[in-house]
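J.: Below are the structure tokens for one structure; questions will follow.
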Amino acid sequence: MKRLLVLIFAAVLASAAAVSVSAVEAPEAAAAGGGYVKKCGGGRILLNADEKTTFAKHNKIRRDRGLKSFCVHPALQRAARAHSKDMIQRDYFAYGNVGKRLDKFGYNWRTYGENIGYNSTPDRMFDAWMESSGHRSNILNKGFREIGIGTYKGHFKPAGGTVTMYTADFGTR
538 MKRLLVLIFA
548 AVLASAAAVS
558 VSAVEAPEAA
568 AAGGGYVKKC
578 GGGRILLNAD
588 EKTTFAKHNK
598 IRRDRGLKSF
608 CVHPALQRAA
618 RAHSKDMIQR
628 DYFAYGNVGK
638 RLDKFGYNWR
648 TYGENIGYNS
658 TPDRMFDAWM
668 ESSGHRSNIL
678 NKGFREIGIG
688 TYKGHFKPAG
698 GTVTMYTADF
708 GTR
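So, in structure tokens, the structure goes:
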């Protein structure tokens, strides 16, 4: 009985700690314009302000065209964030081996697509993607239902200054 009480107490403490960590992250993200969005498989996932705005733009255009909305897949999200950060930190701009990168982050894909770019705002980045037939086809591809959107802000020598790098990884499992 004593062991059971200790286990219950430990579980309550762990739950309280998880709630307090979420409570700390949520106001900071919300204050900066970020927040939680629908995660694939249920639940919610935290996006920064640029990621959340870009995600909302993707889903608005899809709804406007009668397509189902995206959900954010955690593995795609991690892969997209890592790629944006890597491109800024190593001063390059390329897709690379997307399938291998998605594998590395644990996304068991059947098909995938990727959009990359850098711009000053999510609105400008999304507009540029929609003006490009290849990027637009990824956004409007009815076979893609899962997405990860990663942004990273930093000095990017090829652009001659500070930019926000965007990666949108699309997938079907």
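Numbering-wise (the numbering used here), the sequence shown opens with residue 538 and increments by one. Positions of the beta carbon are idealized from the N, C-alpha and C atoms, including for glycine.
So does the region 685-694 actually touch the region 610-625, counting three or more Cβ pairs closer than 8 angstroms?
T.: With a cut-off of 8 angstroms, the region 610-625 and the region 685-694 count as touching, because enough Cβ pairs lie within range.
J.: Could you check if Thr709 is buried or exposed, using at least 16 other CB atoms within 10 Å of its CB as the buried criterion?
T.: exposed
J.: Below 8 angstroms, how does it come out for the region 598-610 and the region 566-585: are there three or more Cβ pairs, yes or no?
T.: yes
J.: Output yes or no for whether 8 angstroms exceeds the beta carbon distance between Thr590 and Pro659.
T.: yes
J.: In the DSSP assignment, the beta strand (DSSP E) including Thr701 goes from what residue to what residue?
T.: Its beta strand (DSSP E) spans residues Gly698 to Thr709.
J.: To the nearest angstrom, report how far apart Gly663 and Gly650 are at their CA atoms.
T.: Here the sequence assigns Phe to residue 663, which means Gly is not the residue at that position. The straight-line gap from Cα to Cα measures roughly 16 angstroms.
J.: If we count the other Cβ atoms within 10 Å of its Cβ and call it buried at 16 or more, is Arg638 buried or exposed?
T.: buried
J.: Beta-carbon within less than 6 angstroms of Met702's beta-carbon, same chain only, minus the 5 sequence neighbours each way: which residues are those?
T.: Ser621, Met624, Ile625, Tyr655 and Tyr689
J.: So what does Val574 bridge to, in DSSP terms?
T.: Ile582
J.: Let me know the secondary structure DSSP gives Glu683 once reduced to three states.
T.: strand
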